[in-house]
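What follows is a set of notes on a single structure, which appears directly below.
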Amino acid sequence: MTDPADWMDPVDDDILELMREDEIFEPSQIRDEGVCRGPHAAYRCRELAKRGLLANPMTGVYDITDLGERYLDGEVDPADLEADEE
């Protein structure tokens, strides 16, 4: 993996790794895995979705994107990722 960008949180890599698993798709599952508290997991998922690393197909549900997979494989520099404006 690449060095984290200023906008990243220490738990982001753990969240993305969990989202790589087929059975993990909600912030509550991240909490259950002991990564971080539920509200923080939800916030980080929203932030990762703004950068294109996660998709948010419906409220409260996330999935890793191809970009997120490429980041985990070390092919994407997170410092280059712009946040989508809402």
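Each residue of the sequence shown is one higher than the one before, starting from 1 at the first, in full-length UniProt numbering.
For each residue, glycine too, the CB sits at the ideal point set by N, CA and C.
These numbers were taken from a predicted model, which means no experiment stands behind them.
Asked	Found
What's the call for R20, buried or exposed, on a 16-neighbour Cβ count within 10 Å?	exposed
Count the other CB atoms within 10 Å of the CB of D66; is the residue buried (16 or more) or exposed (fewer)?	exposed
Helix, strand or coil, according to DSSP, for D6 in the structure here?	coil
Going by C-alpha distance, which of P10, N56 and M58 is nearest V35?	P10
Note down the Cα distance separating A55 from D22, rounded to an integer number of angstroms.	14 Å
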